[in-house]
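Okay, so here's the structure we're looking at.
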Amino acid sequence: MRYSIKHVIKLISCVLIAAFVVGTIPWQELSAASNTHGDYKSDPFKITYDQNSSWGYSTQGQYQIKNTTEYAVNSWTLEIDYSGDVRISNIWNAKDITNYDTDDKIIVSGNSRIEAGQTYTFGLIAEGKDNAPVAPKSVTTINYTSDKPVSTPTSTPTATPETEVTVTNTVTPTSTQAAATSTATSTATPTPTPKQEEETEIFPYAIFAASRSSDFTFSGWKSTIVGDIYTGKDFVYQGSELYMDGYVRTAGTIRTSGWKINMTGSEKHITPLTIPDWSAAIKAKEKELPSISKNTLTSKDKVVANGYYYTNGDLSINGTDFTGDAVIVAKGNITYNVDSLNAESGRVLLYSENGNITINGTKIGINGILYAPKGKVSINANEVTLNGRIVADKFSYSGSILNVTADPSDLQLFSELPDVKVTASKNQVFVGETAFYTIEIPKNNVFEILYRLNGSDVTVVLPANDKDPVKYDLDTRLAGTYVLEAYVKLPYGEFVLDSDRIVVSAKPTVSPTNTPTSTPTNTPTATSTPTSTPTSTPTNTPTATPTPTKKPTSTPTNTSTATPTPTKKPTSHLRIHLRRLPHLQVRLHQHLRIHLRRLPHPQVRLHQHLQIHLR
Numbered sequence: 075m076r077y078s079i080k081h082v083i084k085l086i087s088c089v090l091i092a093a094f095v096v097g098t099i100p101w102q103e104l105s106a107a108s109n110t111h112g113d114y115k116s117d118p119f120k121i122t123y124d125q126n127s128s129w130g131y132s133t134q135g136q137y138q139i140k141n142t143t144e145y146a147v148n149s150w151t152l153e154i155d156y157s158g159d160v161r162i163s164n165i166w167n168a169k170d171i172t173n174y175d176t177d178d179k180i181i182v183s184g185n186s187r188i189e190a191g192q193t194y195t196f197g198l199i200a201e202g203k204d205n206a207p208v209a210p211k212s213v214t215t216i217n218y219t220s221d222k223p224v225s226t227p228t229s230t231p232t233a234t235p236e237t238e239v240t241v242t243n244t245v246t247p248t249s250t251q252a253a254a255t256s257t258a259t260s261t262a263t264p265t266p267t268p269k270q271e272e273e274t275e276i277f278p279y280a281i282f283a284a285s286r287s288s289d290f291t292f293s294g295w296k297s298t299i300v301g302d303i304y305t306g307k308d309f310v311y312q313g314s315e316l317y318m319d320g321y322v323r324t325a326g327t328i329r330t331s332g333w334k335i336n337m338t339g340s341e342k343h344i345t346p347l348t349i350p351d352w353s354a355a356i357k358a359k360e361k362e363l364p365s366i367s368k369n370t371l372t373s374k375d376k377v378v379a380n381g382y383y384y385t386n387g388d389l390s391i392n393g394t395d396f397t398g399d400a401v402i403v404a405k406g407n408i409t410y411n412v413d414s415l416n417a418e419s420g421r422v423l424l425y426s427e428n429g430n431i432t433i434n435g436t437k438i439g440i441n442g443i444l445y446a447p448k449g450k451v452s453i454n455a456n457e458v459t460l461n462g463r464i465v466a467d468k469f470s471y472s473g474s475i476l477n478v479t480a481d482p483s484d485l486q487l488f489s490e491l492p493d494v495k496v497t498a499s500k501n502q503v504f505v506g507e508t509a510f511y512t513i514e515i516p517k518n519n520v521f522e523i524l525y526r527l528n529g530s531d532v533t534v535v536l537p538a539n540d541k542d543p544v545k546y547d548l549d550t551r552l553a554g555t556y557v558l559e560a561y562v563k564l565p566y567g568e569f570v571l572d573s574d575r576i577v578v579s580a581k582p583t584v585s586p587t588n589t590p591t592s593t594p595t596n597t598p599t600a601t602s603t604p605t606s607t608p609t610s611t612p613t614n615t616p617t618a619t620p621t622p623t624k625k626p627t628s629t630p631t632n633t634s635t636a637t638p639t640p641t642k643k644p645t646s647h648l649r650i651h652l653r654r655l656p657h658l659q660v661r662l663h664q665h666l667r668i669h670l671r672r673l674p675h676p677q678v679r680l681h682q683h684l685q686i687h688l689r
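The opening residue of the sequence shown carries number 75 in the numbering used here; numbering runs sequentially from there.
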């Protein structure tokens with residue numbers, strides 16, 4: 075009995091201990107670690123998901139979409155099912171268009187062109203309500219546009235793709251499980267060095283460090299760079315993961331020591347580049363933007379809509395939120411102190427003429443450009459997302475996550491408005507006739523050009539081949555005056571770049587005129603003149619020479635000669651027909667005269683008689 079009680083107590087103790095141990099196991103993390111990768115197929119894409127990291131209720135993931143068709147895809151929209159209450163707190167290289175009040179799935183979209191067979195990568199941070207999200211249940215393409223020709227031909231031929239466009243290969247990180255092993259080996263796998271690319275007209279660098287004396291050195295857990303990096307000396311990366319949608323170009327060498335290094339390509343020992351001089355263009359913005367007071371920049375919790383600020387000394391900015399376009403210029407150092415900043419709509423350009431730019435914070439999001447051509451840009455923050463560029467003599471980063479995404483639109487902060495030309499095909503046409511506008515856009519344009527016809531916005535489709543002209547066909551079914559404007563819309567105003575007009579007129583109506591009716595005149599009927607039938611010319615038949623008759627030996631007997639009967643005169647019928655003959659009478663007359671001459675003398679009278687009548 076005692077043995078049985080001890081046995082039961084021991085068994086219960088073991089169960090309690092086991093329950094305690096099981097309760098302390100992080101099943102959620104183990105489950106998440108086993109579901110950090112996903113493959114999905116939804117035309118026209120093959121989609122791959124990889125979880126980069128997870129903390130608390132948040133997960134950072136990366137999506138790679140591959141165009142599996144034969145035609146370039148120009149825009150796309152994806153539906154992501156995380157199977158739970160999930161929100162996107164941050165996204166790059168795509169746009170979160172989810173309506174969290176009505177949509178039960180995440181909706182993201184992109185306007186980046188994906189060539190046939192190529193891939194595109196975007197990333198996001200998803201936050202769950204009860205736990206950290208894992209790989210989605212499904213990823214579905216719900217909308218996309220491509221260069222695939224339509225089956226029904228249209229009257230206006232579609233421009234043959236493609237425009238003269240520089241396409242950068244997309245970076246594709248290797249798909250791996252998030253759980254690292256204790257024996258992981260640090261390997262760098264940069265893409266083989268490509269041939270030198272042709273110089274583009276738009277500044278291609280996301281980070282530009284011109285110094286020939288200092289290495290370009292940065293570290294951190296993970297860095298994602300969209301755009302190229304240039305350094306005047308060695309490129310040194312000492313972080314864990316580096317993903318680059320762009321090239322590393324250096325006048326020195328390349329040294330990496332991370333766990334995963336993936337870049338489009340690299341070029342070392344190139345001819346050193348000079349830092350771009352944007353000073354005059356930046357200062358010219360003073361004429362376009364309103365002034366910003368110093369108190370606005372130095373006080374916390376201030377909002378700057380649009381403006382320009384200049385100081386001869388140093389400047390310290392504390393917690394200012396920029397909701398428009400702001401250009402800040404200091405002759406000395408610029409220090410930006412902010413605990414947390416998420417720049418949704420505003421853009422800022424920080425320009426230190428002779429000093430340094432320092433960013434201090436925890437989780438910072440900035441849209442804009444950090445420009446210190448004679449100094450150093452230093453970023454000290456746990457997580458930084460910069461939608462723009464860093465251009466300086468030197469650059470350093472101290473933190474965990476660095477995301478830099480360069481886009482031509484961020485150059486609008488200091489670029490002049492483009493010289494766009496709008497030209498009408500004709501100044502005036504009639505209703506129903508063909509008319510169009512030709513639009514010339516500079517190749518180095520960084521602005522979004524908008525169009526409106528008589529004040530209403532219209533869409534002008536750019537040809538895929540940039541050698542083809544940009545045209546807008548006018549609908550001429552209604553008479554009127556039509557003005558097409560090309561303009562840009564900036565946070566501080568709209569600016570018309572150029573315009574032209576076409577006047578469409580109604581076709582003139584021709585009024586009938588009364589034409590007097592002429593009195594018909596009796597036209598005499600022409601009498602046909604008989605055509606003379608040519609008479610063949612008779613051939614003169616030679617007369618046989620008569621054989622002479624021997625003289626009779628006997629005495630001739632007088633024989634009475636019969637008196638010849640006189641030939642009757644030609645009848646009047648013959649005369650009438652002979653008179654009707656044209657000039658052939660002459661020939662007949664001559665012919666008869668010749669032959670009558672050969673007759674004996676008794677025919678003389680007939681000859682003379684015929685001559686009289688033939689005349």
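Each residue gets a CB set at the ideal place from its N, CA and C atoms; glycine is no exception.
At the level of alpha carbons, what is the spacing between residue i and residue j?
i      : j      : result
Lys563 : Gly435 : 32 Å
Ile443 : Asn148 : 27 Å
Thr250 : Thr193 : Any reading at Thr250 must be qualified, since the residue scores a pLDDT of 35, below 50, and its modelled position is unreliable; no value is offered.
Gly567 : Lys334 : 45 Å
Ser331 : Gly294 : 12 Å
Arg575 : Val544 : 17 Å
Thr305 : Asp351 : 17 Å
Ile86  : Asn109 : 35 Å
Lys179 : Pro210 : 10 Å
Leu491 : Glu514 : 14 Å
Asn454 : Thr151 : 35 Å
Glu271 : Ala480 : Here Glu271 scores only 41 on pLDDT, less than 50, and its place in the model is too uncertain to base an answer on.
Assuming the contact rule is C-beta atoms closer than 8 Å, residue i and residue j should be a hit. Round their C-beta distance to whole Å, please.
i      : j      : result
Ile299 : Val478 : 5 Å
Tyr15  : Phe292 : Coverage of the chain is limited to positions 75 through 689, which leaves residue 15 absent and any answer about it impossible.
Tyr546 : Phe510 : 6 Å
Ser183 : Ile199 : At roughly 17 Å, the Cβ-Cβ gap does not stay under 8 Å, so Ser183 and Ile199 are not in contact.
Ala498 : Asp221 : About 29 Å; that fails the 8 Å criterion.
Ile464 : Ile349 : The Cβ separation is near 12 Å, so there is no contact.
Leu363 : Leu389 : Not quite, the Cβ-Cβ distance comes to about 17 Å (not below 8 Å), so this is no contact.
Ala146 : Glu189 : 5 Å
With a threshold of 7 Å on Cβ separation, who are the neighbours of residue i within its own chain once the five nearest residues in sequence on each side are excluded?
i      : result
Ser116 : Val213, Thr214, Thr215
Lys140 : Phe119, Lys120, Thr193
Skipping 5 residues on each side, what residues in its chain have a beta carbon closer than 8 Å to that of residue i?
i      : result
Lys581 : Phe504, Val505, Gly506
Gly692 : As displayed, the chain neither begins before 75 nor continues past 689, which places residue 692 out of reach and without an answer.
Lys450 : Asn430, Ile431, Ala466, Asp467, Lys468, Phe469, Ser470
Tell me which residue opens and which closes the alpha helix (DSSP H) that residue i is part of.
i      : result
Ala354 : 353 to 357
With a Cβ-Cβ cutoff of 9 Å, do residue i and residue j count as a contact?
i      : j      : result
Gly406 : Thr385 : yes
Asp319 : Asn167 : yes
Val570 : Gln502 : no
Ile402 : Tyr383 : yes
Ile408 : Asn428 : no
Gly158 : Lys120 : no
Asp572 : Glu559 : yes
Val557 : Leu527 : yes
Glu457 : Ile433 : no
Thr173 : Ile162 : Inspection of the sequence shows that residue 173 is occupied by Asn rather than by Thr. No, they are not a contact pair.
Gly112 : Thr142 : no
Leaving out five residues before and five after residue i in sequence, what residues of the same chain have Cβ atoms less than 6 Å from its Cβ?
i      : result
Phe309 : Phe290, Val322, Thr324, Ile328
Tyr137 : Tyr123, Phe196
Thr459 : Gly439, Asn477
Phe488 : Trp352, Ala355, Ile356
Glu360 : Tyr382
Tyr156 : Pro207, Pro210
Asn217 : Thr151
So residue i is in the beta strand (DSSP E); what residue range does that whole segment cover?
i      : result
His343 : Neither: His343 is in no beta strand (DSSP E) and is coded neither H nor E.
Asn148 : 147 to 155
Ser183 : 180 to 184
Lys211 : Taken as a continuous stretch (DSSP letters only), Lys211 belongs to no beta strand (DSSP E), as it is neither H nor E.
Gln125 : 119 to 129
Glu362 : Taken as a continuous stretch (DSSP letters only), Glu362 belongs to no beta strand (DSSP E), as it is neither H nor E.
Phe196 : 193 to 202
Pro565 : Counting along the chain, Pro565 falls outside any beta strand (DSSP E), and DSSP gives it neither H nor E.
Leu548 : Unbroken run through Leu548: none, as it is neither H nor E.
Under 9 Å between C-beta atoms, does residue i make it to chain C?
i      : result
Asp170 : Chain labels in this structure do not include chain C; a single protein chain is all it has.
Is residue i a contact residue of the ligand NAP, with contact defined as CB to any heavy atom under 8 Å?
i      : result
Ile121 : Ligands displayed in this structure: none; no statement on the ligand NAP is therefore possible.
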